[in-house]
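Take a look at the structure below.
Protein chains: 2
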Amino acid sequence: MTRVVFTPSSRSTDAARGTQLLEAARGAGVDIDAPCGGEGVCGRCIVRVTAGRTNADSLGILPQQAVDEGYVLACRTTVLDSELTVDVPELAGRTGGKFIEDGDDSWPDDSQPLVEQSKIDPLVRTMLLHVPEPQLEDGLSDLERLSRVLRKENGIEEPEYPLPVVRTLADALRNDNGAVSVTLMPSRGSCAVIDVRPGDRPPSTYGVAVDVGTTTVAVQLVCLETARAVATRTDYNGQIACGLDVISRIHYARDPVRREELRIRVLGTINNLIRKVARRCDLPPEEITGAVIAGNTTMMHLLLGLDPEHIRLAPYTPTLLEASRYTAGEVGIHIHAQSRLFFCPGVGSYVGGDITAGLLCAGLTGDSGSVSLFMDIGTNGELVVGNRDFLLTCACSAGPAFEGGGIGQGMRAAAGAIERVEIDPETGSAKCWTIGDTRPVGICGSGMISLLAGLYRTGWIDPAGKFRRERQSPAIAIDGRRGTYMVVPGGEDGTEAAISVSEADIENIMRAKAAVYSAIGLLLTHAGIGIGEIDRVYIAGGFGRFLNLEDAITIGLIPDLPRSRFSYLGNSSLAGASKSLVSREYRERMSKLARSMTYVELNTNPAYMDQYTSALFLPHTDSTLFPTVKTAPVVHRQ
Amino acid sequence: MTRVVFTPSSRSTDAARGTQLLEAARGAGVDIDAPCGGEGVCGRCIVRVTAGRTNADSLGILPQQAVDEGYVLACRTTVLDSELTVDVPELAGRTGGKFIEDGDDSWPDDSQPLVEQSKIDPLVRTMLLHVPEPQLEDGLSDLERLSRVLRKENGIEEPEYPLPVVRTLADALRNDNGAVSVTLMPSRGSCAVIDVRPGDRPPSTYGVAVDVGTTTVAVQLVCLETARAVATRTDYNGQIACGLDVISRIHYARDPVRREELRIRVLGTINNLIRKVARRCDLPPEEITGAVIAGNTTMMHLLLGLDPEHIRLAPYTPTLLEASRYTAGEVGIHIHAQSRLFFCPGVGSYVGGDITAGLLCAGLTGDSGSVSLFMDIGTNGELVVGNRDFLLTCACSAGPAFEGGGIGQGMRAAAGAIERVEIDPETGSAKCWTIGDTRPVGICGSGMISLLAGLYRTGWIDPAGKFRRERQSPAIAIDGRRGTYMVVPGGEDGTEAAISVSEADIENIMRAKAAVYSAIGLLLTHAGIGIGEIDRVYIAGGFGRFLNLEDAITIGLIPDLPRSRFSYLGNSSLAGASKSLVSREYRERMSKLARSMTYVELNTNPAYMDQYTSALFLPHTDSTLFPTVKTAPVVHRQ
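Chains A and B, in that order, give the protein sequences. End of the first sequence sits at 637 in numbering that gives the first Met the number 0; the numbers just go up one at a time, nothing left out. End of the second sequence sits at 637 in numbering that gives the first Met the number 0; the numbers just go up one at a time, nothing left out.
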C-alpha cells in the first residue's frame, strides 16, 4: 500500500499499486469530476502530481508541456510504489452533487435551414474534381496539376497547401484515376486546401459551431450543404473548477502553467462535446472540416493560450479581438487538423464574439431605424443599443449572483434548483417549483428573482430590499439587524435540509440587477434617447431562458416596457455561430458589425456610479420608470 | 548481463544494465556512426529496437511517430534487464575508417558581400518599431495597434501572425514602452510576422543557406543585413547509410517508417551543421530567422516527408517542385520555429532546386546570346545548355562510380583517397597522390579518371578501356580475360594493403562518363548546335572541385574545347542559395529560371542510347570530337 496525499485539502489515503488515481481520490474523500466516466476524453479530471511517480497515460489529450509539468488525467493514472502528492485544483464552483452535465442536450430543429436557401455559402466546401494523369511531356508536378484544375475550373489562384495535405497528395491523385474530392476554405482572396482525397467522398461536409461561455460550452454540428443543424450538446465549461467568472479565471491564469491548464480544460470540454455530436451522427470527428467559434474575449484568449491579464487591467486591452484562421490542429480542437477556425470577432475586452454572433440573430442589425436593446445577462452582462445608424455597446459586471454565486444556498440552474417561488400575500410563506421537479437542494438566479419579486409585490420587503419589520411571518426570522427568509422549511425528521435566503443574499441580487439596469441607463444617455423609445428588447443567453419577464421587471432588472416588445433569443451566440458556418453574408455582416459598434467603458465613467446608486432600489429610485410595478399597501398589524 | 543482438548482422554482445547502446554495439563489433560524440544532437546513431525494453531519451529529436515505432538514438539509450534486438540500418555507404566528417569546413570569404550592395533585399528583415501604448478610448487590441504601425509606416497590409507570436505579443508590446523589433518575411503581396520582441534587439538578422546533396550537406550562415557569409560547414548526408544514390534512397523510402527515418536522418545532419555554424558565431540557432534550401527533387521530397516513389516510376512525376513557405518548425529545421523556408524551385524529377540555384552563379542566365553549358556531375549528372533565348536541361544517371561506388577499392574523396595518378610511360607503374597526403586506403572518382587518362595517354589501355595484351608491365596482371592494374603494391611486410583496379572497374567509369557525354550530345542535338558553338562551360558540384580538366577531357567525360572556356563553380548550389537569402532579385530570377527551362527526358529517348554507345570509347568513337586527345603509339615488344 502506498500513501497518496491530496493537496490543498491534505486528505490522504492508502492505495494499492495499480489503483486508479480517481479511485484513490474517492477513497480520500476528495471530489474529482469525471463526467466522461473515465474514458479519458473530457479532460475534466486533470490533476497535478507534485511528488512521486505514477503510471500515467495522457492519451494525447494533454500536450507534452503539461505532461512535463506533472499534469495527468486522474482516470488514466495508476499508483505505483512511491508515495504521491497530488494537487487537485480548487473546486470553487463545485457544490456537492448539484453539478450536472449535459443540461441542455437536445436534437435541434432540422426542418428548416439555418439561413435562407439563397444565402447558403458555407465556410468550407468540398468539390469533386478530375485531375488529369501525369504526362511525361508537360513535366508538371502533382501539385501543379491540381492547381491548374483549381484555377481553370474554379478560378482559384495560388491556394495554400498545408504540408500534411501535400504528403498524401501523390496517393490521392493516383488511387482513383485522378478523381478527387478537394475540401477548401476560401480566405483573403485565395483559399486553403484542407483535404484532398481520392474518389467521390460522401458529398456531405460538416462543420461545428462552438459557443464557449464562461459557465457553459455548447457545440452544434451542422451539415454545410443543407445548412441544417443536426445535433447539439451542452456542458459546463471544464474551467469552472478554476473560478466562476472571467475575472477569477484571469486571476487563475496568471501562472503560465495554470493558464495552460485552463486551455486544456476548455479544450477538453469542447472536444468531448464535438465527439458527442459527431457520434450521434456516426461521423468521425476528423471528418468535420469547418468550425466557427464564438466566445467572450477572455474565453477566446484562454482557448488560444493567450495571457488574458491585460483584459483585467486598465486600459483593458486584449491581445486580439479577431483571430487569423488558425488550424484546428494548432489550436487543439479535435476535428480535421487542417480545418481553419473562424472566430467570431469581438468588440472589446468585455464584449466578445459571442455578442457579435448573438446580434446576428436579433433584428438589430437590419435596415430598421427603430431602436433595439440587446441584453445578455450572466455573471457578466453585455448590452447593445442601436439601430441601422448607430450601435453602442457596454459590459457590466453583475457578479455571480444570477448564477447562484454569492448566495448562501445558491446554485446554478440545475436539477433541484428552486427556479420559481410564489409568496402567499397573507402568511408570507412560499410555494416553490424546482428544475426537474425534484426535491429542492438550493436556489438559482431565476428563483432568487422570482422570490424577490414575490416578496416585493406582496409587500414583505421594502424598496431597499429589507424585510418590513412591522409585518410578521412564520417564514421570516429577524435576528437583530439580520433578517432571514425560510424558502423551504427543513423536514421534521431532519431528512430534508431547510433552504433560506438572507437579507445579504437579497442585497447581492439587488447589486447585480442595479449593475445591469444602470448600464442600460448609461447607454441610453450616451445615445440621447429615453427608455420609452426602445422599440424592441432581445434577451439572449442561458440565463434569459429561465427568466420570468414580470419578475425581472418587478425587481427593476429590465426596463418596464410593453411586454410585446420583448423577445427571447435563447443561445443566440451558438445560433449566430451556426448561421455563420453556412453563410458568407453572415460572416461578413458579423465582421462589419464588430467594427461598427462603439464600446462604452463603464469602469471609468463617473455617471455610471450615479446611475448604479439610483438603481439600488426595488424597482428603482425613480418609480416613474416602472409604471406597472406595484407593491402591496403596508397594513400595520397590532 | 543482458544479451543484445544486432540485426541484420546477427552480431551480439552481453551488456550490463545501464550500458549505452552505442557502447554495446561497439562491443559486438557493429559500427554505428555518432559524429556528434554522443551529445544526442546529430541524430546519426538512430537505430530501431525491435524487441525488448530500453531506457531511451530521444531528446525531442525524434518525432513521436518514430519513437512509437521503436526508433531510438543509440547514444541516448541504455540497456535494461530485457534481451534486446536492435536493427542497425544497412550501412551500404560506410567503408570502415574511410568515412570522414566535416570534409569541407572553412571560413567563407566575408570580405565581399554575396551580391552587389544595391541588390541587397533579404528574405527576412527585422525592423525597429514604436507601437503606441494602449488607450481606453480607441479600444484597439494589441494586434490592431501593431498592424496599424506596420500599415502606416511600412505599407504592410494584413500580415499573418502565427499563434506563437501572438502568445508573446502582450508582453512584447509592454516590456519596453512599445519599442519592439519585428522580424518579417514578405510573401505573396503580404508578409508573415516571424517574431516580435521588446526593445532594440541586436540589429543583425541571420539566415542559413542549406544545400542538401545526396552525398553531402552544406550549411552557410549569412548575415542578412551585410549580405556576408560568416560560416560554412559541410558533412555527409546522414541518409547515406540507407543508400548511396537517389534511386536507392527512393527504394529505401518505400516503407513509410523508413521514409520517416530518412527524414530524421537528413534533418539530423542539417540541424547539426546549423548548430555548428551558429556556435562559431556565438549565435543561438533559434536566432536564425531565414533559410533558403536547395536540393535535388528527391532530397526535397525526403526532407518534407513526401513519398518520392513516383520520381522513380514513369512518367517520373514529383509531388512538388516548389514548396510553399512552410515554417522551420513544421519541417523540423532547428532555427526560429516561425521562420519560413524558401525552397529553391526545381525543374523536374531529376533537375532540382540545386541546379536552379547553381545556375544563378553561372553566367548562363544573363543577357548574353552566347551559348553556355552547365554541368553538375555526381552519381546523378545534371546538365543545362542555353543562352538568353533558350535553356534546355536534362539529367543522366552516371551511377556511383565517380564517387567511388561500384569500384572494387573505390571510396569517396576523403582522406587517404588516391586522387591523382601519374603513369610511367615505360614501365606502366603508377605514382600516386592521396587526399591529405596520407597512406592510400582506396581510390576516389577523380583518382580513377586520372588513372584512366594516364593509362590511355601512355598507351597501356586501348579505346575500349582494355589493357593492351601486347604490352607487359609489372603493374598489370592478366588472368584469362580479366586484367588488373596494381595502383599501389602491398607493403612487403604485409602492413600495407595493395590497391588495385580491374578492367571491370574501368568499365564502370567508362559507362559513367558515357552517360554524361551522351547527355551533352543529346542536349546539343535538341538545341541544334554543335559542340564547338559552346562558348562557356561551367563545372559545378563537389565532384567538379577535384576534377582535373585534362584528364576529364582525355577520357571523354567533358567536351574537348579550348581550356579558357571552362570555369569551376565549386558548390554553386550553396552559393546560389546564399545569394537568394540576401537578394530578392536572385529569388525572383531563380523562380523565373525554373519555369523557363525545358526538361529533356533521356529515359524514353531512343537517340540517347545511340549517343551513349558511341561514347563508350576513349575518348569517343568519333575521335574528331576530341582533337587534342592523343594516345601513345603502340610499340610491340618482342
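Where is the CB? At the ideal position from N, CA and C, for every residue including glycine.
- Give a yes or no on whether the C-beta atoms belonging to L580(A) and L172(A) are separated by under 8 Å. no
- Task: Use the C-beta contact count for T630(A): other C-beta atoms within 10 angstroms, 16 or more gives buried, fewer gives exposed.
- Result: buried
- Using a Cβ cut-off of 7 Å, which residues of the stretch 601–628 of chain A contact any Cβ in chain B, in chain order? T603
- Task: Keeping to the same chain, check which residues put their C-beta closer than 8 Å to that of S11(B); ignore five residues upstream and five downstream.
- Result: R2, V3, V4, F5, A27
- Message: Does the CB of T318(B) have a neighbour CB from chain A at under 8 Å?
- Response: yes
- Task: Ignoring anything shorter than 4 residues or poking outside the stretch 338–415 of chain B, list the alpha helix (DSSP H) runs there in chain order.
- Result: 352–359
- Message: Report the CB separation of V420(A) from G458(A) in whole angstroms; it is logged as a contact under 8 Å.
- Response: Incorrect: roughly 15 Å between the Cβ atoms, too far for contact.
- Assuming E159(B) and V192(B) form a contact by the criterion Cβ under 8 Å, report the distance between their Cβ atoms to the nearest whole angstrom. 7 Å
- Message: Against chain A, does G328(B) count as a neighbour if the rule is that its beta carbon must be under 8 Å from one of theirs?
- Response: no
- Consult DSSP for E89(A) and reduce its assignment to one of helix, strand or coil. Unreliable positioning characterises E89(A) in this predicted model, as indicated by a pLDDT of 46, which lies under 50. A coordinate reading is not provided.
- Message: Considering only the alpha carbon of each residue, which of S517(A), R279(A), G427(A), D56(A) lies closest to A474(A)?
- Response: G427(A)
- is_contact[P632(A), chain B] using C-beta, thresh 8 Å: no
- Message: Using C-beta distances below 6 Å, list every residue in its chain close to K118(A), excluding the 5 sequence neighbours before and after it, in chain order.
- Response: S582, E584
- Message: Whole angstroms are fine: how far does the CA of G540(B) sit from the CA of T565(B)?
- Response: It is Phe, not Thr, that sits at residue 565(B) in the sequence shown. The alpha-carbon atoms of F565(B) and G540(B) are separated by roughly 14 Å.
- Message: Less than 8 Å between CB atoms is the rule here; does V384(A) satisfy it with respect to chain B?
- Response: no
- Message: Tell me whether the stretch 586–600 of chain A and the stretch 353–361 of chain A touch, counting them as touching only if at least three CB pairs, one residue from each stretch, are closer than 8 Å.
- Response: yes
- Among I239(A), L305(A), A226(A), which residue has its Cα nearest to the Cα of Q116(A)? A226(A)
- Item | Alpha-carbon to alpha-carbon, D234(A) and V440(A) | 20 Å
- Message: Among the candidates M589(A), R562(A), S563(A), whose CA atom is the shortest distance from the CA of A574(A)?
- Response: M589(A)
- Query: Name the DSSP beta bridge partners of D482(A), please?
  - Reply: Rather than Asp, the amino acid found at residue 482(A) in this sequence is Gly. DSSP lists I477(A) as partners of G482(A).
- If we call anything under 8 Å between Cβ atoms a contact, is A186(B) one with P317(A)? Sequence check: residue 186(B) is Ser here, not Ala. The answer is no: Cβ separation not under 8 Å.
- Task: Spatial neighbours of M641(A) within its chain, please: CB distance less than 6 Å, with the 5 preceding and 5 following residues excluded, ordered by chain position.
- Result: Any question about residue 641(A) goes unanswered here, given that chain A covers just 0 to 637.
- Item | As assigned by DSSP and simplified to three states, the class of K430(B) | strand
- Message: Which residue marks the beginning of the beta strand (DSSP E) containing Y537(B), and which one marks its end?
- Response: 533–539
- Message: Run through the DSSP bridge pairs and tell me what M184(A) is partnered with.
- Response: A191(A)
- Answer with buried or exposed for V640(B), where buried requires no fewer than 16 other C-beta atoms within 10 angstroms of its C-beta. Nothing can be reported for residue 640(B), as the shown portion of chain B is limited to 0 through 637.
- Message: I'd like to know whether the C-beta atoms of I643(B) and A452(B) end up nearer to each other than 8 Å.
- Response: Beyond the ends of chain B as shown, which are 0 and 637, falls residue 643(B); an answer cannot be given.
- Message: Quick check on L312(A): buried or exposed, where buried means 16 or more other Cβ atoms within 10 Å of its Cβ?
- Response: exposed
- Closer than 8 Å to chain A by CB, S323(B): yes
- Item | chain A contacts from the stretch 129–144 of chain B (Cβ-Cβ distance under 9 Å) | E132, P133, Q134, L135, E136, G138, L139, S140, D141, L142, E143, R144
- Residue environment, L617(B), which counts as buried when at least 16 other CB atoms sit within 10 Å: buried
- Query: By how many angstroms is the C-alpha of L135(A) removed from the C-alpha of T620(B)?
  - Reply: 31 Å
- Message: On the DSSP letters alone, give me the boundaries of the beta strand (DSSP E) that I249(B) sits inside.
- Response: It is not in any beta strand (DSSP E) - I249(B) instead sits in the alpha helix (DSSP H) that spans 245–251.
- Query: Closer than 8 Å, CB to CB, is P344(B) near chain A or not?
  - Reply: no
- Query: Enumerated in chain order, which unbroken segments of the beta strand (DSSP E) with a length of 3 residues or greater are wholly contained in the stretch 509–563 of chain B?
  - Reply: 533–539
- Query: Counting contacts by CB-CB distance shorter than 8 Å, is P314(A) in contact with chain B?
  - Reply: yes
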